[in-house]
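Notes to accompany the following structure.
In this note's numbering, the protein residues as written are 479 to 596.
Here is the structure:
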């Protein structure tokens with residue numbers, strides 16, 4: 479039985495990595511060994527970046543809610559606690575959207591939260 483050499487599979491593997499490294503500068507996109515390191519690091523960073531994005535959006539929503547709540551005479555924590563006491567279960571994304579685009583609706587929520595706190 480004839481021996482099958484591994485050159486074709488190695489070439490496929492190399493091309494797969496080099497394709498991912500397309501657009502990188504210099505040897506990072508040309509040489510397999512260096513490209514492999516760059517691609518591994520880029521994939522690890524992109525994974526971490528997807529987790530980081532979620533944290534950043536939550537931070538942004540909280541900042542927007544806080545700003546709108548302070549315009550209505552409440553701190554963020556008191557506003558959120560007042561909503562909880564009122565039984566309003568609304569996520570921060572929607573509250574931030576209301577704070578930016580629907581000031582009247584947000585004001586009614588703030589008034590409701592104030593009344594439950596008092």
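The beta-carbon is built from N, C-alpha and C at its ideal position, and this holds for glycine as well.
Of the listed residues the options, nearest to residue i (C-alpha basis)
i	options	result
residue 541	578, 591, 585, 497	578
residue 591	583, 563, 580, 575	563
residue 538	481, 484, 575	575
residue 520	558, 500, 581	500
Beta-carbon proximity check, residue i vs residue j, cutoff 9 Å
i	j	result
residue 553	residue 546	no
residue 566	residue 595	no
residue 572	residue 561	no
residue 570	residue 536	yes
Cβ of residue i within 9 Å of any chain B Cβ
i	result
residue 539	No chain B is part of this structure, which consists of one protein chain only.
Nearest-angstrom Cα separation, counted from residue j out to residue i
i	j	result
residue 503	residue 496	12 Å
residue 513	residue 526	20 Å
residue 518	residue 543	38 Å
residue 484	residue 491	11 Å
residue 583	residue 516	49 Å
residue 489	residue 555	58 Å
residue 534	residue 522	18 Å
residue 550	residue 581	10 Å
residue 585	residue 593	12 Å
residue 487	residue 510	14 Å
residue 494	residue 524	18 Å
Coil, strand or helix - residue i by DSSP
i	result
residue 568	coil
residue 580	coil
residue 480	coil
residue 596	coil
Exercise. Can you give, in chain order, each stretch of the beta strand (DSSP E) that sits fully within the region 485 to 570 and has at least 3 residues?
Worked result: none
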